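Comments concern the structure below.
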Amino acid sequence: MRPQSPKFFQTQTIATTRVVNSPPRDKRHDSCGRLAKVTTYQSRPKTTVTTTTYRPVIETRTVKLCTEKKCQGHETLIDQLTQENNKLSQRVNELQNELDLQVEKFDSEQQVWVNTSMEIESMRKLLEETQKNHKQEVTYLNSELNTFKSQFQYQDDQIRFLSSQLKQQEVLENKIALLSSEIERLQFVIEDKNEGISQLKFRVSDYEKQLQVGQNVIEERNQQISELQQKSNNYEQELLFSNNIIHELKFEITQKDSQTQQMLAQKESLMQTFRENLELLEKKLAQSQQNEQLQDVQIDTIQKERENLNSKIQQLETELNEQKEQNLQLNQQVIINDQNNLNLQNQLIQQTQHHENLLSNKDNEHELTKQEREALVNQLEQVQQEIVDKTKEIDDLKNQNQSLISQLQEKTTNLDQVSEQLETTKSKLDNFDEMNKNLQLKLSQNEIENVELKDDLNLKSESIQQLENQLESQIEINKQSQNLISKLNQEKSDIESKNQILETEIKQQEGQIEEQNTQIRERIQETEVVQQQLNEQIDQLKKEQDNLLTQNKDLQSQITKLQQINDNHQLCEDSLKEEKLLLIQQILLQCFEIEKLKILESQQQEKLSQSEKKILLLEEQFEKFKENSILNSQKQETKITELQQQIDEDIKQIDSLKNDLKYQLSLEEELNKKNHFQQDQISHLQGVEQQLKYLNEQTNLQAKNLQKELENKIESESSLRFKLEKLLEELKIKQMQLGELDSQMRQIEQNNNIELSNLEERNSYLQNEVETWRQKFSILNKDYHRVQEDLMMLQAEFDAHKKRGQDLKNVKESTYFEVRKSSLYKENIDIKGSQTSIGRIFKENI
1 MRPQSPKFFQ TQTIATTRVV NSPPRDKRHD SCGRLAKVTT YQSRPKTTVT
51 TTTYRPVIET RTVKLCTEKK CQGHETLIDQ LTQENNKLSQ RVNELQNELD
101 LQVEKFDSEQ QVWVNTSMEI ESMRKLLEET QKNHKQEVTY LNSELNTFKS
151 QFQYQDDQIR FLSSQLKQQE VLENKIALLS SEIERLQFVI EDKNEGISQL
201 KFRVSDYEKQ LQVGQNVIEE RNQQISELQQ KSNNYEQELL FSNNIIHELK
251 FEITQKDSQT QQMLAQKESL MQTFRENLEL LEKKLAQSQQ NEQLQDVQID
301 TIQKERENLN SKIQQLETEL NEQKEQNLQL NQQVIINDQN NLNLQNQLIQ
351 QTQHHENLLS NKDNEHELTK QEREALVNQL EQVQQEIVDK TKEIDDLKNQ
401 NQSLISQLQE KTTNLDQVSE QLETTKSKLD NFDEMNKNLQ LKLSQNEIEN
451 VELKDDLNLK SESIQQLENQ LESQIEINKQ SQNLISKLNQ EKSDIESKNQ
501 ILETEIKQQE GQIEEQNTQI RERIQETEVV QQQLNEQIDQ LKKEQDNLLT
551 QNKDLQSQIT KLQQINDNHQ LCEDSLKEEK LLLIQQILLQ CFEIEKLKIL
601 ESQQQEKLSQ SEKKILLLEE QFEKFKENSI LNSQKQETKI TELQQQIDED
651 IKQIDSLKND LKYQLSLEEE LNKKNHFQQD QISHLQGVEQ QLKYLNEQTN
701 LQAKNLQKEL ENKIESESSL RFKLEKLLEE LKIKQMQLGE LDSQMRQIEQ
751 NNNIELSNLE ERNSYLQNEV ETWRQKFSIL NKDYHRVQED LMMLQAEFDA
801 HKKRGQDLKN VKESTYFEVR KSSLYKENID IKGSQTSIGR IFKENI
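Here it is in structure tokens:
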């Protein structure tokens with residue numbers, strides 16, 4: 001509530017001020033006091049109004065007047081004072097008028113400042129009282145807060161203790177996780193060691209098996225050595241016999257040396273021939289490479305032709321789309337024809353109306369009887385029935401047109417299918433391109449193989465030169481050459497198989513190409529058939545148009561007859577003349593539109609003829625393309641046959657060279673086998689014995705090392721098992737501890753929950769109390785201000801009563817009132833008025 005501003009009351013004699021004090025703060029329930037002051041222009045004695053909360057509310061006001069006999073002097077003084085007061089009041093009024101004239105300019109500002117100053121003073125006083133009250137409330141709240149703080153500190157200590165326990169639990173959990181990870185790691189290590197042990201055991205078993213095999217081999221070799229010793233003794237005896245024979249053979253050897261020299265000369269001549277043959281082969285290979293390059297160029301040209309074909313196919317697709325558009329235009333033309341038929345019907349009706357107009361014009365000249373009129377009406381009804389029949393026929397024609405439209409749509413769908421088939425052919429052509437690329441890759445691989453064969457031939461030529469230089473190294477080289485020959489035979493067989501595969505693939509591709517060509521021809525035939533059907537349908541439509549024209553002519557003839565009949569009748573009114581003139585204008589406009597449609601039909605027919613010519617040109621181009629593709633395929637087949645012939649000739653030459661080499665090698669081998677066979681066997685047996693001894697030593701060392709490793713691993717396993725047992729025991733203990741900690745944590749959580757619930761209940765209770773006190777304060781504040789206003793009104797009435805001049809000798813006013821603020825709280829107000837006397841008033845004034 002805003003504090004009340006000071007109120008001014010004018011009195012003649014008595015002027016008092018009243019201070020209303022609130023009850024003490026220790027006993028009252030509201031939070032702030034109120035200070036109310038009433039002032040007048042003149043000074044007067046003070047009256048106090050006190051409020052108590054423990055006594056009934058009684059207001060007593062007593063005024064004692066002078067009762068002595070010598071009271072006239074006082075009355076004269078009062079009269080003089082009143083006169084002086086009147087003069088002073090007049091002077092004050094004059095001064096006020098002068099001041100008003102001067103202050104009018106600044107009234108607005110002064111009023112604002114005065115109001116603000118008064119409000120500021122009242123607010124300042126209110127603030128002082130409110131601050132005092134708030135300080136007490138703050139002290140009370142601080143005490144409560146201290147209690148809450150003590151409680152919360154106790155709870156914080158408990159929470160810290162619990163958090164420390166939780167941290168310890170987390171540390172223990174981390175340790176447990178580390179131990180579990182270490183256990184898992186050790187388990188993996190043990191598994192790895194077990195796997196290593198199993199592998200070592202397997203190796204030991206393998207080594208034992210190898211030892212047994214080696215012992216068996218040693219026994220066999222000892223037996224062979226004993227047999228060889230016996231044979232060596234026999235050979236020594238034979239050597240003694242052979243030495244005698246050698247002397248005889250020396251003479252024969254000299255003769256054979258001369259023969260061998262002759263043979264070497266023959267071999268040199270043969271080698272020269274071989275070299276010449278090799279040069280010829282190289283030339284042929286170069287020619288084959290040139291032919292392959294030409295084939296590549298031809299393949300490129302074929303690809304370009306295919307690209308051209310693809311472009312042509314695209315053009316055909318565009319033309320098909322144009323044909324579809326033309327079909328749509330034809331459909332539109334059919335719709336336009338329907339509209340024309342409707343227009344013709346309207347024309348018939350209009351012509352009948354025109355004739356009726358003519359009849360109406362002649363009606364003035366010829367008046368017919370009622371019978372004739374009835375006859376004419378009957379005739380008109382018949383004509384109308386005929387018109388209805390014709391409309392039905394026109395509807396039938398419309399249905400036929402719709403069926404034709406549906407057929408055209410089906411044909412468009414067929415054309416779409418044909419276009420899809422063309423797309424599939426395109427995809428197949430792309431696949432053929434990929435197949436050609438694969439064939440080119442295969443040809444490149446064959447070229448690489450030919451190069452490798454050339455390299456092999458060069459190596460063979462080098463080996464032959466080495467044979468000429470050193471005859472001793474010919475044996476090893478001949479062995480290598482045998483291996484190479486076997487490889488060449490294998491390569492030859494592989495090349496033959498690859499050639500066969502290529503031939504089969506080429507044949508398959510040719511068959512596929514032929515099948516595709518046949519499919520394309522069939523599709524072209526189907527498209528031709530579809531085009532023929534479309535042409536037939538177009539012819540049918542033209543015929544139907546002709547029929548419609550004939551029907552229209554018949555109708556016109558009938559109309560002429562009707563005109564002849566209706567010339568004698570004039571039954572229409574003059575009011576229809578204007579409408580009929582308008583209809584005539586519309587007929588003329590429709591005639592112009594019909595002529596335009598005819599022009600459009602002629603243009604469309606020209607477009608159709610042009611499209612047919614384009615289709616014929618495309619068919620001719622397609623046939624040319626087919627012929628070119630067939631010629632190209634034939635050329636490729638001839639080239640492939642030529643290449644195959646060249647390859648066969650090369651293979652034959654290689655076979656002849658191989659046979660010659662085999663014959664020479666067989667002669668040389670027969671001479672050297674007998675001399676080196678026994679020496680090779682002896683050296684081989686000695687090497688085997690040394691290897692077996694070395695293997696036995698290594699196996700013994702490995703067995704010892706394995707035994708040591710096994711012992712070490714057994715010890716490590718025992719130590720690890722002991723550690724694992726200890727760790728498991730520690731884990732059990734820590735799990736027990738964790739269970740105890742979990743139980744403690746649960747109890748602590750329960751206690752915390754209970755305490756929190758209690759605190760929440762307390763807070764809610766305190767909040768409810770605060771709300772109730774607020775409500776009480778608001779009610780009391782309202783009642784207090786209401787009572788204050790009542791007191792002010794009573795004092796004003798009392799002052800007004802004095803003004804009236806009533807003589808009051810002994811007046812004792814008592815008012816009793818009770819203010820009920822609410823059902824919760826009652827306040828009794830006791831108002832005491834001070835006893836005053838007129839003499840005292842005069843003394844104070846003097």
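For the sequence shown, the UniProt record's numbering begins at 1 and goes up steadily by one. Every residue, glycine too, gets a C-beta built ideally from N, C-alpha and C. Everything numeric in this text was worked out from a predicted model, so none of it was measured.
C-beta atoms of residue i and residue j nearer than 8 Å
| i | j | result |
| --- | --- | --- |
| L186 | L710 | no |
| L162 | I748 | yes |
| L178 | L738 | no |
| L741 | Q169 | yes |
| residue 902 | Q691 | The chain is shown only over 1 to 846; residue 902 falls outside these bounds and no answer can be derived. |
| residue 847 | I183 | With the chain represented from 1 up to 846, any question about residue 847 goes unanswered, as that position is not in the structure. |
| K193 | K713 | yes |
Distance, residue j Cα to residue i Cα
| i | j | result |
| --- | --- | --- |
| E717 | E725 | 12 Å |
| W773 | L127 | 21 Å |
| T76 | E119 | 43 Å |
| S226 | Q686 | 14 Å |
| K693 | H684 | 15 Å |
| N758 | Q111 | 58 Å |
| E514 | Q508 | 10 Å |
| S198 | L667 | 57 Å |
| H676 | Q237 | 20 Å |
| E627 | I501 | 28 Å |
| R160 | Q153 | 10 Å |
| D389 | E381 | 12 Å |
| N234 | K673 | 21 Å |
| A800 | M792 | 12 Å |
| I336 | V297 | 58 Å |
| T139 | K802 | 50 Å |
| T318 | T638 | 38 Å |
| S269 | E276 | 11 Å |
| E730 | S180 | 12 Å |
| K782 | K87 | 45 Å |
| T518 | I630 | 12 Å |
| E325 | K607 | 12 Å |
| N547 | E620 | 37 Å |
| T699 | E669 | 41 Å |
Coil, strand or helix - residue i by DSSP
| i | result |
| --- | --- |
| R804 | coil |
| E717 | helix |
| K283 | helix |
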